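Scroll down for the structure; my scribbles are underneath it.
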Amino acid sequence: MADPFLVALDQATRTVVARVRGELPTVAPTAAVASPSEAITHYYCCDPNRALCGLDLRHMPPAGDGEQDCVVCVDLDADCPCA
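The opening position of the sequence shown corresponds to residue 17 in the numbering used here, with each subsequent residue numbered one higher.
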């Protein structure tokens, strides 16, 4: 039986990659429903409004302590041209 965490992580990664490629629309968080991205820390390089994974961060709250790192941003952080 597959580990439920790994299955969820795989699906979340596929969703982020699909959004970066433009295959899925990015979803802005609303006051009534929290976006899953609000619980994930995203990294940015030169533009603080654009995460390394491609997500628009303009309306995102600051990351909190203990939040899960975006797996795509973590992978791309090593290749950040501004680092």
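Glycine included, each C-beta is placed from N, C-alpha and C at the ideal position.
Note that this is a predicted model, so its numbers are computed, not measured.
Would you kindly report the start and end of the unbroken alpha helix (DSSP H) that includes residue i?
i	result
Asp91	87 to 93
Using DSSP with H/G/I as helix, E/B as strand and the rest coil, what is residue i?
i	result
Arg35	helix
Ala67	strand
Ala79	coil
Bridge partners of residue i, per DSSP?
i	result
Asp72	Arg66
Gln84	Ile56
Compare the Cα-Cα distances from residue i to each of the options and report the closest residue.
i	options	result
Leu68	Tyr59, Arg35, Asp81, Arg37	Tyr59
Asp72	Gly38, Ala28, Asp26	Gly38
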